[in-house]
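First residue of the sequence shown? That's 1 in UniProt numbering, and the numbers climb one at a time after it. Here is the structure we will look at, set down as structure tokens.
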Amino acid sequence: MSANTDQVKVESHPQDTDLTKVHSHTEGYDLTAIESTQVPPPSDTPPPPDGGFYGWLAVFGTCLVFFNTWGLVQAFGAYQSYYTTHLLSDYNASSIAWIGTLQAFLLVFGGVVTGPIFDQGYLRPLIMTGSVLIVLGMMMLSLARTYWQILLAQSICVGAGSGMLFTPSLAQVTILFSRRRPIALGMSMIGTGLGGILYPIVFRQLEPTLGFGWATRVIAFIALGTLSVAVVVLCWRKPAKKPPRSLFDWSAWKEPPFVTYTLSTFLTFTGYWVPWFFIPLYGQFAVGATATFSAYLLSITNAAGIVGRLTTPLIQRYLTPLQTLLIAHVLVVILIWAWLAIGSSFAGFVTFCVLWGLFSGPLAVLPAAAVAELSPSLNVVGTRMGMVWAVSAFGNLVGPPIAGAVSNPSEDDFLGGQIYAGVTMAMAIGLVGTTVVLLLSEKRRGKEGT
Numbered sequence: 001m002s003a004n005t006d007q008v009k010v011e012s013h014p015q016d017t018d019l020t021k022v023h024s025h026t027e028g029y030d031l032t033a034i035e036s037t038q039v040p041p042p043s044d045t046p047p048p049p050d051g052g053f054y055g056w057l058a059v060f061g062t063c064l065v066f067f068n069t070w071g072l073v074q075a076f077g078a079y080q081s082y083y084t085t086h087l088l089s090d091y092n093a094s095s096i097a098w099i100g101t102l103q104a105f106l107l108v109f110g111g112v113v114t115g116p117i118f119d120q121g122y123l124r125p126l127i128m129t130g131s132v133l134i135v136l137g138m139m140m141l142s143l144a145r146t147y148w149q150i151l152l153a154q155s156i157c158v159g160a161g162s163g164m165l166f167t168p169s170l171a172q173v174t175i176l177f178s179r180r181r182p183i184a185l186g187m188s189m190i191g192t193g194l195g196g197i198l199y200p201i202v203f204r205q206l207e208p209t210l211g212f213g214w215a216t217r218v219i220a221f222i223a224l225g226t227l228s229v230a231v232v233v234l235c236w237r238k239p240a241k242k243p244p245r246s247l248f249d250w251s252a253w254k255e256p257p258f259v260t261y262t263l264s265t266f267l268t269f270t271g272y273w274v275p276w277f278f279i280p281l282y283g284q285f286a287v288g289a290t291a292t293f294s295a296y297l298l299s300i301t302n303a304a305g306i307v308g309r310l311t312t313p314l315i316q317r318y319l320t321p322l323q324t325l326l327i328a329h330v331l332v333v334i335l336i337w338a339w340l341a342i343g344s345s346f347a348g349f350v351t352f353c354v355l356w357g358l359f360s361g362p363l364a365v366l367p368a369a370a371v372a373e374l375s376p377s378l379n380v381v382g383t384r385m386g387m388v389w390a391v392s393a394f395g396n397l398v399g400p401p402i403a404g405a406v407s408n409p410s411e412d413d414f415l416g417g418q419i420y421a422g423v424t425m426a427m428a429i430g431l432v433g434t435t436v437v438l439l440l441s442e443k444r445r446g447k448e449g450t
């Protein structure tokens with residue numbers, strides 16, 4: 001397949017190339033929903049192979065990477081609950097939340113560095129090193145007993161390894177597909193939900209009988225097995241070396257729509273992780289569920305999140321990424337404020353978990369698509385995505401710790417964190433709405449000018 005593809009040479013047809021075909025491999029949470037925008041292609045650039053045996057192997061490998069990167073982050077709520085009641089019971093919710101948010105920060109911010117390294121053809125060292133760090137970090141976590149030991153193992157070691165894996169694996173899929181790219185990336189993203197479903201169940205089922213150490217080691221062995229397969233399939237072929245790209249596009253800060261949208265991502269992800277981290281704690285202390293079932297609530301939320309992520313591209317047939325993001329923001333803000341009225345209702349909180357997973361899905365899927373919508377040309381899409389993720393990474397970092405500082409989960413006091421998440425997400429609505437208005441205004445002026 002690859003030998004034949006390398007000999008293909010196509011004529012320049014503007015309708016044959018869309019905005020997702022160049023630089024969509026760079027940093028981001030998911031690129032499945034990037035809207036096709038017709039632009040003139042390079043005259044002698046052959047199209048991506050659009051799959052083939054190696055292409056679908058890469059999809060499978062990337063799914064396993066997401067399983068062990070974002071899947072572990074989505075499962076952190078189970079660890080947060082355990083740390084609060086057992087291992088780190090002397091620490092407040094804010095201090096414990098830093099463990100998970102630092103892991104998420106390094107996962108996202110690491111893409112700013114690993115993207116250009118991937119462009120230089122160093123996929124194999126990144127995938128291998130990242131896999132080793134994740135497994136090593138989880139093994140060291142099984143031995144950790146103090147706060148700083150946990151921070152070094154789970155936050156820094158696992159987080160750094162995740163940052164090395166996430167962007168390069170996603171990049172490998174994007175350059176191997178063209179017409180089928182949304183399907184391929186959507187299948188890759190399933191790994192996030194699967195990891196978020198499986199890992200909390202494994203931890204809560206094994207911890208009471210085997211203890212914290214062996215429950216975590218089992219997770220490390222699962223990561224070892226699945227990442228070993230990912231290394232084999234993703235490193236099957238060495239990727240071609242690409243021209244280096246800039247880390248910053250300073251002209252973007254002169255464009256009001258880009259500025260308002262970038263600021264909105266910081267606010268969005270400041271509030272986004274609060275429910276994810278606090279769901280098991282709320283189930284245990286506010287609703288009165290067992291610790292095991294509270295972890296299952298996190299798995300239920302992740303299962304609903306798979307549906308939300310997979311249905312988002314279908315909405316893109318009718319709305320732009322920014323318009324879809326605006327609607328999703330409105331829905332999740334309504335849901336967060338409704339959370340305040342749930343109280344100790346078991347049925348109400350289960351319903352909240354399902355709806356949160358479903359409606360928050362687009363917030364993880366669409367940021368890259370929105371950046372593409374705001375970019376004037378192909379040449380700056382990858383760089384601008386890196387800039388947006390760098391800003392949003394700080395939202396990942398500070399959100400839950402601030403919510404934990406104004407809450408006291410072990411005393412059934414979640415009000416401060418709920419209000420904080422609702423306010424930050426509501427502010428994000430204003431900025432996303434402003435971005436939509438500014439972009440429509442610019443397009444209208446452009447049409448009048450022609």
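Ideal Cβ positions, reconstructed from N, Cα and C, are used throughout, including at glycine. Just so you know, these numbers come straight off a predicted model, no measurement behind them.
Under the three-state reduction of DSSP, which class applies to Asn396: helix, strand or coil? helix
Give me, in chain order, the residues of the same chain whose beta-carbon lies closer than 8 Å to that of Ile96; leave out the 5 immediate sequence neighbours on both sides. Gln80, Tyr83, Thr84, Leu88, Gly404
Endpoints, the alpha helix (DSSP H) within which Ser95 is located: 93-119
Is Phe221 buried or exposed, if buried means 16 or more other CB atoms sit within 10 Å of its CB? exposed
Taking 8 Å as the threshold (C-beta atoms), are Ile336 and Ala421 in contact? yes
Tell me whether Ile279 counts as near the ligand NAD, meaning its Cβ is closer than 7 Å to at least one heavy atom of that ligand. The ligand NAD is absent from the structure shown, which contains no ligand whatsoever.
Going by C-alpha to C-alpha distance, which of Val229, Val218, Glu255 sits closest to Val371? Glu255
Straight-line gap, Gly416 to Val232 (C-alpha atoms, nearest Å): 47 Å
Quick one: what's Asn408 bridged to in DSSP? Asp413
With burial defined as no fewer than 16 other Cβ atoms inside 10 Å of the residue's Cβ, what is the status of Leu319: buried or exposed? exposed
Verify whether the separation of the beta carbon atoms of Val437 and Thr265 is less than 8 Å. no
Figure out for me which residue from Pro401, Pro367, Val287 has the closest Cα to the Cα of Glu411. Val287
With a Cβ-Cβ cutoff of 8 Å, do Ser299 and Ile190 count as a contact? no
Can you list, in chain order, the stretches of the beta strand (DSSP E) that have 3 or more residues and sit fully within the segment 332-400? none
Any beta strand (DSSP E) of 3 or more consecutive residues that is wholly inside the segment 164-246: none
Is the CB-CB distance between Arg217 and Ala295 below 8 Å? no
Starting from the C-beta of Ile150, find all residues in its chain whose C-beta is less than 8 Å away, skip the five residues before and the five after it, and write them out in chain order. Tyr83, Leu87, Leu88, Ile99, Leu141, Ala144
Please look up how many angstroms separate the CB atoms of Trp273 and Pro409, rounded, as I've assumed it's under 8 Å. Their Cβ separation, rounded to whole angstroms, is 15 Å, which puts Trp273 and Pro409 out of contact at 8 Å.
Contact the segment 422-432 vs the segment 133-140: 3+ CB pairs below 8 Å: no
Between which two residues does the alpha helix (DSSP H) holding Ser299 run? 291-315
Does Arg145 come out as helix, strand or coil in the three-state DSSP assignment? coil
Taking Gly357 as the reference, which of Arg384, Thr301, Thr311, Ser377 has the closest Cα? Thr301
Does the pairing of the segment 164-171 with the segment 63-70 give three or more beta-carbon distances under 8 Å? yes
Exposed or buried, Ala347, counting other C-beta atoms within 10 Å across all chains shown (16 or more means buried)? exposed
Work out the CA separation of Thr435 and Arg445 for me, nearest whole Å. 15 Å
State the start and end residues of the unbroken alpha helix (DSSP H) segment that holds Cys63. 52-68
Given Val135, which residues of its chain have a CB within under 7 Å of its CB, disregarding the five upstream and five downstream residues? Ala220, Ala223, Leu224, Leu227
DSSP three-state label for Thr324, please. helix
My understanding is that Leu247 touches Gly395, with C-beta atoms under 8 Å, so please give their C-beta distance in whole angstroms. Not a contact, Cβ separation roughly 20 Å.
State the DSSP-derived secondary structure class of Gly288, mapped to helix, strand or coil. coil
My guess is that Pro321 and Leu366 are in contact by the Cβ rule of under 8 Å, so how many angstroms apart are they, rounded? 5 Å
Span separating the alpha-carbon of Leu31 from that of Arg124: In this prediction, Leu31 scores a pLDDT of 42, lower than 50, which makes its location untrustworthy; the coordinate-derived value is nonetheless stated afterwards. Leu31 and Arg124: Cα-Cα distance of roughly 22 Å.
Whose C-alpha, out of Pro362, Leu397, Pro376, is nearest the C-alpha of Gly186? Pro362
With Ser188 and Val59 assumed to form a contact (beta carbons below 8 Å), what rounded beta-carbon distance in angstroms separates them? 5 Å
Would you say Gly283 lies against chain D (beta-carbon separation less than 8 Å)? Given the protein chain composition of this structure (a single chain), no chain D is represented.
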